[in-house]
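Chains as they are written, first to last, in this note's numbering: chain Z, 1 to 335; chain A, 336 to 654.
C-beta: ideal position from N, C-alpha, C; glycine also.
So the structure is just underneath, and the comments pick up after that.
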Amino acid sequence: MSAPLAQAAAPAAPVFELLDVEKVYQVTRPAGFLRRETRGLAALDGVRLRVPGGSSTALVGESGSGKSTLLRVLLGLTRPTNGQALYRGRPIAEARAAAASGFTRDVAMIYQDARGSLNPRMAVADLVAEPLRHFGLCTAAELPARVAELLARVGLPGDVAQRYPAALSGGQVRRVAIARALAAEPSVLVADEAVSGLDVSTQAQLLNLLADLKESMGLTLLFITHDLGVASYLCERIAIMYLGRIVEAGPTNAVLEAPAHPYTAALRAASPQFFAPIAEPLPGEIPSPVDLPPGCRFASRCPRAEADCQGTDPALTSLSPGRTAACLHPLATGA
Amino acid sequence: MQTSTADPLLSVSGLTLHRGARRILDGVDLSLGRGETLALVGESGAGKSTIAVALMGLLRPSEARIEGRAELAGEGDLFGLPERRWSGLRGGRLAMVFQDAGAALNPCFTVGSQLTSVLRRKLGLGRAAARARAVELLDSVGINDAAARLSAYPHQLSGGMQQRVMVAIALACNPDLLFADEPTSALDVTIQAQIVRLILDQTRARGASCIFVLHDLALASQSCDRIVVLYAGQVMEAGSSAEVLKAPRHPYTRLLKSCVLEIGTARLEPPAGGVPPWEEMPAGCRFASRCPRALPRCAGEKPPLTQEGGRALACWNPE
Chain Z
1 MSAPLAQAAA
11 PAAPVFELLD
21 VEKVYQVTRP
31 AGFLRRETRG
41 LAALDGVRLR
51 VPGGSSTALV
61 GESGSGKSTL
71 LRVLLGLTRP
81 TNGQALYRGR
91 PIAEARAAAA
101 SGFTRDVAMI
111 YQDARGSLNP
121 RMAVADLVAE
131 PLRHFGLCTA
141 AELPARVAEL
151 LARVGLPGDV
161 AQRYPAALSG
171 GQVRRVAIAR
181 ALAAEPSVLV
191 ADEAVSGLDV
201 STQAQLLNLL
211 ADLKESMGLT
221 LLFITHDLGV
231 ASYLCERIAI
241 MYLGRIVEAG
251 PTNAVLEAPA
261 HPYTAALRAA
271 SPQFFAPIAE
281 PLPGEIPSPV
291 DLPPGCRFAS
301 RCPRAEADCQ
311 GTDPALTSLS
321 PGRTAACLHP
331 LATGA
Chain A
336 MQTSTADPLL
346 SVSGLTLHRG
356 ARRILDGVDL
366 SLGRGETLAL
376 VGESGAGKST
386 IAVALMGLLR
396 PSEARIEGRA
406 ELAGEGDLFG
416 LPERRWSGLR
426 GGRLAMVFQD
436 AGAALNPCFT
446 VGSQLTSVLR
456 RKLGLGRAAA
466 RARAVELLDS
476 VGINDAAARL
486 SAYPHQLSGG
496 MQQRVMVAIA
506 LACNPDLLFA
516 DEPTSALDVT
526 IQAQIVRLIL
536 DQTRARGASC
546 IFVLHDLALA
556 SQSCDRIVVL
566 YAGQVMEAGS
576 SAEVLKAPRH
586 PYTRLLKSCV
596 LEIGTARLEP
606 PAGGVPPWEE
616 MPAGCRFASR
626 CPRALPRCAG
636 EKPPLTQEGG
646 RALACWNPE
């Protein structure tokens, strides 16, 4: 095992860097009687994202915004159609293929459906031991102690080790998934909606666990969520996605306190807040990425859209240090 | 319980429900005035959905043993009704919007046929009249090009549109009481705001009452007049949602509220553990095993739900 993993190769390179990444899927659909046509569906359309080592980034967007495709690109499960996706300065596909880069050990993933990601016929001890065995991280004799240590670290009682996923509660299953992800001592943790669909007290416990692990292990965290509260609690930076693009990015609290992009402002207004009257909801739904409107892709739902928004596609531009937004008429951020 | 009006639409007292040996609901009291919105909140296993399903008469005697009374104005005790009367009420005076509209709609029939079948059976409308009314209903729930959408199958609609169709079906016969069981938990936040607004606007326009089952306290504070906080099948606290959530008196309400993430929350202090398994449930207050203010008597003796100034509280050691 190469001890320092890939860090030695390019010490200054960020963990992940996406340079105008595009991912176009070919979809066929009916085009008249007994005819089908093939069209391009741009799931990602010019995404630029930099994830420096040790940072925590939240990716926020509605369904259909391209979050999952972005995740697949980052994990090397899908090659981008255009643009470059780099892991510590190397193309992700190359890094993933080269065993020496340690990509698969270094980048761990927590899946949204934690229960579905665990083999129901394996006991918790075996599930957590699997990455340890796979990467040859400890001897068979050390295994039980290491598993117990991992379970303790994620706050699970020792007797869980001999149980099967079906016998665990939703919160416990998530903890097992976290223990499994951490078993190979990764430096990057990618989590897809890791705390959604849980009771608030369980969710709070897990958020604190993830925050503590991030701190104690120095993890680089990439957290996909639709909950702005979760994003602000766990991540220093936030990137808001809409229809395959990042429309706004910057420090989480600054972005959420004074959004520049009207879409961010709408998301902010739509999240439930104590005792506030329910805000006027954004009209309509996210359009299909097959029939993208020309110009700004948010223009069809935007309360601030003007005539030029229909024709000009805004690029992600810098507003103030560290903050970018793709909007022709951004809201005042006070910065 | 706290009757907000002299003549409540629904008044439930001592609702206890067993599934086998498990007491899923333990003496639930609640009441609802005409035109009021009520939120049932609590964590999983609190019995929120069970209350809604029981009050819709969707539980067979073989599935659950129900004790207690549920008086619906003009009908008497719902739990004493024969099935024939129930089937008249369901979809008529009582209607329900389910959590997962994709699963609740029948995938084999078009939206139009599912909507017109309610209108034809319950209101006795003819084919053409039912179709015209269906178009009106879809239009009123914000579906564009409603006439064309009648021939769509549920899978051809987005989640938000499916939920709108569910709302249209539930409202088809102008119910007096609408149950909305987590109507937005599967939807994106911008769509969630649309659907909650839709349900509130439509029920208000009809003067109907609405019981929301929610897990989001902030959403409950925004959408409901009154709130009932449940834990493991027991009512912990109830009252106007502004009063209960601004100044919780029950330790569980405070705990639930402290776990809600708002933007800018610095540090959450959640309690350890979770709802105990049924075998270990305390005989008295079921929250006793996790309560920071528990007294020796709490685990053994169930505190009564006492009324005080429009609020109800079941706690031996309130704040």
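Beta-carbon separation (whole angstroms), residue i vs residue j, contact threshold 8 angstroms
i, j, result
"residue 264 of chain Z", "residue 240 of chain Z", "5 angstroms"
"residue 83 of chain Z", "residue 21 of chain Z", "4 angstroms"
"residue 513 of chain A", "residue 272 of chain Z", "In fact, because the Cβ distance is near 20 angstroms, the residues do not count as touching under 8 angstroms."
"residue 228 of chain Z", "residue 267 of chain Z", "6 angstroms"
"residue 517 of chain A", "residue 552 of chain A", "Residue 517 of chain A to residue 552 of chain A, Cβ: 13 angstroms. No contact."
"residue 447 of chain A", "residue 564 of chain A", "Wrong, their Cβ atoms sit about 41 angstroms apart, outside the cutoff."
"residue 299 of chain Z", "residue 310 of chain Z", "6 angstroms"
Residue j beta carbon less than 9 angstroms from that of residue i
i, j, result
"residue 175 of chain Z", "residue 207 of chain Z", "no"
"residue 275 of chain Z", "residue 556 of chain A", "yes"
"residue 372 of chain A", "residue 545 of chain A", "yes"
"residue 650 of chain A", "residue 578 of chain A", "no"
"residue 526 of chain A", "residue 281 of chain Z", "yes"
"residue 106 of chain Z", "residue 186 of chain Z", "yes"
"residue 345 of chain A", "residue 561 of chain A", "no"
"residue 475 of chain A", "residue 537 of chain A", "yes"
"residue 286 of chain A", "residue 424 of chain A", "The first residue shown for chain A is 336 and the last is 654, placing residue 286 of chain A beyond what the model contains."
"residue 591 of chain A", "residue 200 of chain Z", "yes"
"residue 46 of chain Z", "residue 25 of chain Z", "no"
"residue 193 of chain Z", "residue 238 of chain Z", "no"
"residue 251 of chain Z", "residue 331 of chain Z", "no"
"residue 364 of chain A", "residue 347 of chain A", "yes"
"residue 60 of chain Z", "residue 258 of chain Z", "no"
"residue 43 of chain Z", "residue 293 of chain Z", "no"
"residue 450 of chain A", "residue 473 of chain A", "yes"
"residue 543 of chain A", "residue 511 of chain A", "yes"
Residue environment, residue i, which counts as buried when at least 16 other CB atoms sit within 10 Å
i, result
"residue 594 of chain A", "buried"
"residue 260 of chain Z", "buried"
"residue 323 of chain A", "Outside the shown range of chain A, which is 336 to 654, sits residue 323 of chain A, and nothing can be said about it."
"residue 10 of chain Z", "Low confidence applies here, because residue 10 of chain Z scores a pLDDT of 45, under 50, leaving its location unreliable; read the following figure in that light. Looking at its Cβ environment, which holds fewer than 16 other Cβ atoms inside 10 Å, residue 10 of chain Z is exposed."
"residue 56 of chain Z", "buried"
"residue 18 of chain Z", "buried"
"residue 101 of chain Z", "buried"
"residue 375 of chain A", "buried"
"residue 417 of chain A", "exposed"
"residue 645 of chain A", "exposed"
"residue 539 of chain A", "exposed"
"residue 306 of chain Z", "exposed"
"residue 216 of chain Z", "exposed"
"residue 1 of chain Z", "Reliability of the predicted coordinates at residue 1 of chain Z is poor, the pLDDT of 41 falling under 50, and the value obtained from them is presented with this limitation in mind. Exposed, because fewer than 16 other Cβ atoms sit within 10 Å of the Cβ of residue 1 of chain Z."
"residue 277 of chain Z", "exposed"
"residue 6 of chain Z", "Residue placement at residue 6 of chain Z cannot be trusted, given a pLDDT of 45 that sits under 50; what the coordinates show is reported in the next sentence. Residue 6 of chain Z comes out buried."
"residue 581 of chain A", "exposed"
"residue 641 of chain A", "exposed"
"residue 585 of chain A", "buried"
Member of the options whose CA lies at the smallest distance from the CA of residue i
i, options, result
"residue 15 of chain Z", "Z:114, Z:29, Z:188 and Z:111", "Z:188"
"residue 314 of chain Z", "Z:130, Z:296 and Z:302", "Z:296"
"residue 352 of chain A", "A:526, A:615, A:403 and A:380", "A:403"
"residue 147 of chain Z", "Z:181, Z:167 and Z:119", "Z:181"
"residue 355 of chain A", "A:601, A:399 and A:469", "A:399"
"residue 643 of chain A", "A:636, A:653 and A:423", "A:653"
"residue 210 of chain Z", "Z:154, Z:269, Z:164 and Z:120", "Z:154"
"residue 523 of chain A", "A:634, A:484 and A:496", "A:496"
"residue 414 of chain A", "A:427, A:483 and A:391", "A:391"
"residue 610 of chain A", "A:547, A:624 and A:574", "A:624"
"residue 319 of chain Z", "Z:333, Z:308 and Z:312", "Z:333"
"residue 162 of chain Z", "Z:220, Z:127 and Z:131", "Z:127"
"residue 85 of chain Z", "Z:73, Z:303 and Z:77", "Z:73"
Residues that residue i bridges to, as DSSP identifies them
i, result
"residue 107 of chain Z", "Z:188"
"residue 87 of chain Z", "Z:16 and Z:90"
"residue 620 of chain A", "Answer is none; residue 620 of chain A lacks a bridge partner."
"residue 23 of chain Z", "Z:44"
"residue 547 of chain A", "A:374 and A:515"
"residue 336 of chain Z", "Nothing in the structure corresponds to residue 336 of chain Z, since chain Z is present only between 1 and 335."
"residue 285 of chain Z", "Partner(s): none; residue 285 of chain Z has no beta bridge."
"residue 530 of chain A", "Looking at the DSSP assignment, residue 530 of chain A forms no beta bridge with any residue, so it has no partner."
"residue 250 of chain Z", "Z:238"
"residue 79 of chain Z", "The partner list for residue 79 of chain Z (beta bridge, DSSP) is empty, contrary to what the question assumes."
Contact test: residue i Cβ vs the ligand FAD heavy atom, cutoff 8 angstroms
i, result
"residue 68 of chain Z", "In terms of ligand content, the structure shown is empty, and the ligand FAD therefore cannot be addressed."
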